[in-house]
Each structure stands twice: as structure tokens, then as C-alpha cells.
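For the sequence shown, my numbering assigns the number 1 to the initial residue and increments by one for each residue that follows.
In this text, a Cβ means the ideal position worked out from N, Cα and C, and glycines have one as well.
In what follows, a single structure is set out as C-alpha cells and then discussed.
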Amino acid sequence: MKFNLGIALTILLFFFLTSPIDANNDGGKKHDICHGLEKGDGTQIKSGFCSKTFLGQIPSNKHMTSSLITKPRNEEKLKAHKDFTVVVKMKNIETGHFSDPEKDYYTEPQILNKAGIVQGHSHVTIQRLESENNPPNAEKFNFFLGLNDKAKNGELIADVKGGLPAGRYRICSMSSSFTHQPLVMPVAKRGSQDDCIRITVKGNQKRKARSLN
Numbered sequence: 001m002k003f004n005l006g007i008a009l010t011i012l013l014f015f016f017l018t019s020p021i022d023a024n025n026d027g028g029k030k031h032d033i034c035h036g037l038e039k040g041d042g043t044q045i046k047s048g049f050c051s052k053t054f055l056g057q058i059p060s061n062k063h064m065t066s067s068l069i070t071k072p073r074n075e076e077k078l079k080a081h082k083d084f085t086v087v088v089k090m091k092n093i094e095t096g097h098f099s100d101p102e103k104d105y106y107t108e109p110q111i112l113n114k115a116g117i118v119q120g121h122s123h124v125t126i127q128r129l130e131s132e133n134n135p136p137n138a139e140k141f142n143f144f145l146g147l148n149d150k151a152k153n154g155e156l157i158a159d160v161k162g163g164l165p166a167g168r169y170r171i172c173s174m175s176s177s178f179t180h181q182p183l184v185m186p187v188a189k190r191g192s193q194d195d196c197i198r199i200t201v202k203g204n205q206k207r208k209a210r211s212l213n
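Right, here's the structure in full:
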């Protein structure tokens with residue numbers, strides 16, 4: 001069989017054009033978004049990492065997740081160091097899907113149930129507000145709880161045992177898919193899938209005894 005230079009060149013050109021490695025991009029390293037970065041391994045790496053977990057299944061605009069904190073009420077005043085309950089009403093999320101965050105963090109894409117609803121869970125986080133004009137430090141929180149159970153009548157509940165010290169606070173819900181990544185919705189223009197309220201916690205002020213003259 002005679003060597004056909006034309007066929008050989010055609011095969012080489014086809015391979016070059018379809019190969020993910022480009023001769024001008026440092027051996028294809030620029031195609032790898034995680035090149036040179038620490039790879040995600042299912043644990044929570046505080047220094048940051050790179051994840052190749054794809055987005056997964058995204059619901060239709062008719063099935064977008066929404067939530068509302070119904071208890072306490074926004075701007076409600078509570079007593080310091082007294083138990084209270086946070087109630088979050090959920091819509092368009094099949095709750096009760098919660099992976100182990102110590103070894104399965106961001107490891108699987110978002111999944112929908114047969115009805116096209118996201119499978120996941122939510123959280124309640126409470127932060128003290130030192131100012132009404134400056135966002136709080138995301139590393140600091142006074143209370144955090146994963147709401148791992150299935151919602152009852154669409155409601156998830158977090159009991160804040162021992163309450164909070166006196167101060168101004170923000171209470172927020174945070175909805176997540178099975179392996180804890182924020183939920184992905186189909187359109188940019190939409191209502192928020194999470195909710196926040198503000199409360200004031202008042203200390204127990206002792207009344208000063210009146211002196212009798």
C-alpha cells in the first residue's frame with residue numbers, strides 16, 4: 001500500500017482542529033479552569049478551592065424556589081437570652097435532602113424530582129448588626145442551623161435555645177441543593193429564593209429603686 005501524503009495531512013489537520021489542546025495555550029492548561037488551584041475533595045476548604053461539579057438540573061420558571069420567614073416577625077422585639085423559634089415557609093423545594101458536609105460538600109450537581117422541583121434543604125443563620133449601613137462579616141454569626149428534615153406543611157423550624165444577647169440582628173434563610181451549593185434558577189430576573197428579617201433583642205433592664213425622702 002502506497003503512502004498517501006494528502007490523506008495523512010488531512011488526518012493530522014482534523015486531529016489538530018478537534019483536539020482540546022491548542023498549540024498556543026501552554027499545552028492546553030488554559031482550558032483547565034482548575035489548573036494550579038487546589039481541587040475540591042468534598043471537604044470544606046476554608047482557603048478556597050476549585051470545583052468541576054457542573055450545575056446539574058435546573059427547574060423551569062414555574063418551579064423556582066421561594067421562602068419567607070414567618071416567625072419572628074420583621075422588626076419584632078425579643079427579650080435577651082430567652083428561647084425563640086424561627087419558622088421558614090418554603091415553596092418549590094423538596095426538603096429533606098442533605099449530604100454530609102464534612103465529606104460531600106459540592107460533590108454532586110443539583111437534582112430535580114419527578115415534578116421538576118429542586119431537591120435540597122435550607123438553613124437559618126443569625127448575625128449581629130453593628131451598623132445599619134455596613135454589611136456584617138460573613139465569617140461571624142451568632143446562630144447557624146441546617147434545616148435537614150422534611151418540611152411540615154411547607155414549614156421548616158429552627159429553635160434558638162438560650163436566645164441572643166441584647167442587640168440588633170439579621171435573620172436569614174439560605175436554601176441549598178443536596179450537597180450544599182446555592183440553588184440555581186433558570187432566569188436572572190426573579191424574586192429572591194431566600195429571605196431576611198431584622199429583629200431587636202432587648203436586655204433585662206433593672207428598674208432603679210426610688211429613694212424616699
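Report the three-state DSSP secondary structure of residue 63 (helix, strand or coil). As a position in the sequence shown, residue 63 is number 63, starting the count at 1. When secondary structure is reduced to three states using DSSP, residue 63 falls in the helix class.
Straight-line CA distance for residue 164 to residue 133? Mapped onto the sequence shown, residue 164 falls at position 164. Mapped onto the sequence shown, residue 133 falls at position 133. Each residue's alpha carbon lies about 22 Å from the other.
Would you decide whether residue 94 is buried or exposed? Buried here means 16 or more other CB atoms lie within 10 Å of its CB. Mapped onto the sequence shown, residue 94 falls at position 94. With 16 or more other Cβ atoms within 10 Å, it is buried.
Mind checking residue 90: buried by the 16 CB within 10 Å criterion, or exposed? Mapped onto the sequence shown, residue 90 falls at position 90. In this structure residue 90 is buried. Its beta-carbon is surrounded by 16 or more other beta-carbon atoms within 10 angstroms.
In the stretch 74 to 145, which residue ranges form an unbroken beta strand (DSSP E) of at least 3 residues, counting only runs that do not cross its ends? The DSSP assignment places 77 to 79, 84 to 91 and 118 to 128 as complete runs of the beta strand (DSSP E) inside the stretch 74 to 145, in order along the chain (cut-off: 3 residues).
Take residue 162 as the anchor and find which of 117, 180 and 81 has the nearest alpha-carbon. Here residue 162 is taken as the residue at index 162 of the sequence shown, counted from 1. Nearest C-alpha to residue 162: 81.
CA nearest to the CA of residue 192, picked from 35, 114, 107 and 182: As a first step, residue 192 is located in the sequence shown; it is residue number 192 there, counting from the start. Residue 182 holds the alpha-carbon nearest to the alpha-carbon of residue 192 among 35, 114, 107 and 182.
Do residue 176 and residue 120 come within 7 Å of each other at the CB atom, strictly closer than that value? Residue numbering aside, residue 120 sits at position 120 when the sequence shown is read from its first letter. Residue numbering aside, residue 176 sits at position 176 when the sequence shown is read from its first letter. For the 7 Å CB-CB criterion, residue 120 and residue 176 form a contact.
Keeping to the same chain, check which residues put their C-beta closer than 8 Å to that of residue 154; ignore five residues upstream and five downstream. For the purposes of this step, residue 154 is identified with residue 154 of the sequence shown, where counting begins at 1. These residues qualify, in order along the chain: 89, 90 and 91.
With DSSP run on the structure shown, which of helix, strand or coil describes residue 24? By 1-based counting over the sequence shown, the position of residue 24 is 24. Residue placement at residue 24 cannot be trusted, given a pLDDT of 46 that sits under 50; the coordinates are not used to answer.
Among 44, 49, 65 and 59, which one has its Cα closest to the Cα of residue 99? Position 99 of the sequence shown holds residue 99. 44 is the residue among 44, 49, 65 and 59 whose C-alpha sits nearest the C-alpha of residue 99.
Cβ-Cβ separation, residue 67 to residue 195 (assumed contact under 8 Å), whole Å: As a working note, residue 195 is residue 195 in the sequence shown. As a working note, residue 67 is residue 67 in the sequence shown. Correct: roughly 5 Å between the Cβ atoms.
By Cβ distance, which residues of its chain are closer than 7 Å to residue 33, with the 5 residues on each side in sequence left out? Against the sequence shown, residue 33 aligns to sequence position 33. For residue 33, the CB contacts under 7 Å within the same chain, skipping 5 residues up- and downstream, are 50 in chain order.
Given a cut-off of 7 Å, decide if residue 59 and residue 118 are closer than it, judged by their beta-carbon atoms. Numbered from its first residue, the sequence shown carries residue 118 at position 118. Numbered from its first residue, the sequence shown carries residue 59 at position 59. Closer than 7 Å, so yes.
For residue 186, which residues in the same chain have their Cβ closer than 8 Å to its Cβ, ignoring the five residues on either side in sequence? For the purposes of this step, residue 186 is taken as residue 186 along the sequence shown, with counting starting at 1. Correct list, in chain order: 58, 59, 60, 61 and 64.
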